[in-house]
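One structure is given below, encoded as structure tokens.
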Amino acid sequence: MNHNMNINKEKVVTRFAPSPTGYMHIGGVRTALYAWAYARKYNGTFILRIEDTDKDREVKGSINHIIETLKWLGINWDEGPDIGGPHMPYLQSERLNIYKKYANILIEKGLAYADPYTEEELNAFRKKAENEKIPFLYRNHRPENPPDWDGTMPLRLKIKEIKNTEWHDEVRGTLKAGPEALDDFILIKSDGYPTYNFAHIIDDLEMGVTHIMRADEFISSVPKFLALYDALDIERPHMATLPPIMALDGKKKLGKRDGAKDILEYRDEGYLPEAMINFLAYIGWSPEDEREILSPKEFVEIFDLARIHHSGGKFNVEKLDWINKEHLKLLSIDEQEKYIRKFIPENIKQLPGYTDEMIKKITPLILERISKGSDIISMAGNHELNYFFEQPVYDKNSLFFKSSKINEANKYELLSKYINNVILLLNNISDTDFTKEKIKESIWPYTEEIGRGDILWPMRYALSGLEKSPDPFVLSEIFGKEETIARLNLAIQILRK
RNA sequence: GGCCUUAUCGUCUAACGGUUAGGACAUCGGCUUUUCAAGCCGGUAAUCCGGGUUCGAUUCCCGGUAGGGUCACCA
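Per numbering that gives the first Met the number 0, residue 0 is the first one in the first sequence, and the count goes up by one each step.
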């Protein structure tokens with residue numbers, strides 16, 4: 000058989016293997032995204048596997064939360080704990096017999112042995128190394144005649160050759176490590192569960208994983224992994240190291256302690272999943288061209304391991320906000336309406352003026368006022384949306400333009416006269432012609448005559464009750480002739496009170 | 001402390017020895033203008049430092065410096 004052909008035909012299998020220790024933050028999601036994108040690009044298989052071998056750190060409900068997060072983002076898997084697959088089960092805690100099988104192979108080969116030390120003894124060794132300012136290495140204390148492994152003690156891999164290690168990384172190229180990176184690490188803990196170091200290698204082998212993507216904190220463990228592949232005499236998968244994601248303030252790697260948020264919080268604040276994907280894709284990878292906005296589909300098409308960055312990037316919310324806005328613009332009208340509806344709070348939905356027709360009309364207006372992802376939430380919270388659905392409440396002095404020249408004693412009367420004249424002009428427009436262009440056309444000469452501020456400010460304020468809002472022509476068209484005139488008439492009533 | 005790894009505008013980045021070092025976000029200015037947005041146009045702003053290799057270094061090599069990682073019965 001042609002060897003090269005065989006390599007080219009290799010089916011890509013990637014996996015995302017989180018531990019159920021809580022919510023998912025930026026870093027974890029990005030790892031999932033790249034592994035998923037790579038599998039999808041090459042029509043491969045993407046596996047979701049849960050690494051629940053640390054019972055102490057496990058957080059109840061995490062698995063569902065992880066699944067919910069991935070589903071929101073549109074990162075779908077072909078095999079996983081919820082849907083099963085040819086390599087079931089996909090929870091490591093249910094695969095203990097598999098790990099034991101491989102552990103026994105290693106014991107038989109003389110490449111694994113029981114660790115007889117107590118916690119205190121081990122800590123003393125560690126302390127001593129620390130005081131001497133040398134790295135702690137268990138193999139310096141390797142017991143001469145270890146007892147038979149009965150499952151109550153940890154099982155360690157016996158590193159047979161202490162040497163420099165060199166390997167190929169799909170992103171970083173040639174990586175190397177000194178001999179102190181090699182140590183007799185624990186395969187199976189005294190509680191019977193395997194360590195990550197052992198379990199992931201066995202599972203990747205069993206599940207046929209071809210490409211492993213993980214963050215760079217694992218680089219220093221790779222020599223140990225390679226020693227285990229060799230001990231088991233199995234083929235190494237391709238490895239791709241992902242750059243770290245740093246917190247924006249400070250230089251530390253972004254973690255939950257640094258305020259890395261649950262990704263689902265972004266969903267709840269109004270960020271779109273495709274914006275999140277776009278944003279995450281660009282922390283740690285960039286395309287050949289200068290495109291900034293990509294759909295998930297486009298991302299999958301052009302994603303490439305070779306263009307993953309070497310150095311870490313910072314999480315920059317301002318960029319995410321911009322990307323989110325760009326994706327909001329790309330939505331169809333229907334999707335935009337759906338988005339607006341989703342974030343309008345229940346109390347507003349109860350208002351008499353809340354209709355499908357009104358939502359349709361105001362959607363573009365609201366969208367252009369959103370700059371941050373969470374703006375839709377704060378606009379609703381600040382009552383900046385209510386006036387579309389109900390007559391605003393305000394005080395008569397608010398109707399005066401800040402730099403208005405109306406100072407006369409009869410200023411209320413004067414202003415109500417202006418507004419009344421506006422009403423007269425509006426009445427001349429037929430119902431079917433009541434567009435913002437026509438409205439502007441008919442009122443404009445009058446605003447020139449009196450002063451724009453003194454006509455347009457009160458008009459806009461009467462319609463919206465807000466200092467900042469869309470212009471009065473746009474609002475008039477949205478409300479329609481009848482409602483517009485009603486609101487202006489109410490302003491006159493208020494002025495005359 | 002050992003080992004590993006990284007280094008371009010404030011931020012995310014492009015450049016695979018030869019560019020006026022490009023783009024995006026942010027910022028600043030202008031246009032528009034009835035407020036707020038949006039939109040359009042434009043500006044400021046970067047190769048960590050020091051050696052080498054080369055006709056020529058952001059790019060290759062070495063050394064420093066700085067950041068990050070790791071040295072768990074966590075992943």
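Glycine is no exception: its CB is placed at the ideal position from the N, C-alpha and C atoms.
For residue 350, no alpha helix (DSSP H) encloses it, and the DSSP letter there is neither H nor E. Checking the DSSP bridge columns, you'll see residue 313 partnered with 245. DSSP places residue 165 in the uninterrupted beta strand (DSSP E) bounded by 164-168. Inclusion of residue 77 and residue 45 in the CB contact set at 8 Å is warranted, their separation being smaller than that value.
The beta carbons of residue 477 and residue 401 sit no closer together than 8 Å. Excluding five sequence positions before and after residue 274, the CB atoms of its chain that fall closer than 6 Å to its own CB belong to 322, 323, 326, given in chain order. Taking 4 residues as the shortest admissible run, the region 112-143 contains the following complete alpha helix (DSSP H) segments, listed from N- to C-terminal end: 118-130. Annotated three-state conformation of residue 391 is coil, per DSSP.
Per DSSP, the continuous beta strand (DSSP E) segment holding residue 212 begins and ends at 210-214. Of the candidates 183, 466, 212, 448, 212 places its Cα closest to the Cα of residue 169. With a threshold of 16 other beta carbon atoms within 10 Å, residue 123 falls short and is exposed. Per DSSP, residue 185 is one residue of the beta strand (DSSP E) stretching across 185-187. Per DSSP, the continuous alpha helix (DSSP H) segment holding residue 200 begins and ends at 195-206. Here residue 286 has 301 as same chain residues with Cβ atoms under 6 Å from its own Cβ, once five neighbours each way along the sequence are excluded.
As the crow flies, the alpha-carbon of residue 434 is around 15 Å from that of residue 357. Taking a 10 Å sphere around the C-beta of residue 349, we find fewer than 16 other C-beta atoms and assign the residue as exposed. Rounded to whole angstroms, residue 272 and residue 99 show a C-alpha spacing of 41 Å. Comparing alpha-carbon positions, the option among 303, 121, 237 lying closest to residue 140 turns out to be 121. Taken in chain order, the unbroken stretches of beta strand (DSSP E) that lie wholly in the region 26-65 and span 3 residues or more are 44-47.
One alpha carbon belongs to residue 209, the other to residue 304, and they sit about 13 Å apart. Excluding sequence positions up to five before and after residue 455, its CB lies within less than 7 Å of the CB of 446, 471, all in the same chain and listed in chain order. Within the same chain, and ignoring the five residues on either side of residue 16 in sequence, the residues whose Cβ sits closer than 6 Å to its Cβ are 48, 50. Secondary structure of residue 175 (DSSP, three-state): strand.
Look at residue 287 here: in three-state DSSP terms it is coil, with no helix or strand label. In the three-state scheme derived from DSSP, where H, G and I count as helix and E and B as strand, residue 326 is classed as helix. Within a 10 Å sphere around the beta-carbon of residue 354 sit fewer than 16 other beta-carbons, which makes this residue exposed. By DSSP's assignment, residue 83 forms a beta bridge with 79. In this structure residue 465 is in contact with residue 386, their Cβ atoms being roughly 7 Å apart against a cut-off of 8 Å. In the displayed model, residue 259 falls within coil according to three-state DSSP, outside both helix and strand. A residue is called buried when at least 16 other Cβ atoms come within 10 angstroms of its Cβ; residue 19 meets this threshold and is buried.
For residue 12, the uninterrupted beta strand (DSSP E) segment begins and ends at 12-15.
Look at residue 151 here: in three-state DSSP terms it is coil, with no helix or strand label. Residue 191 and residue 34 have their C-alpha atoms spaced approximately 30 Å apart. DSSP places residue 424 in the uninterrupted alpha helix (DSSP H) bounded by 410-426. The residue from 462, 311, 75 with its alpha-carbon nearest to that of residue 42 is 75. The three-state reading of DSSP puts residue 23 in coil, since its state is none of H, G, I, E or B.
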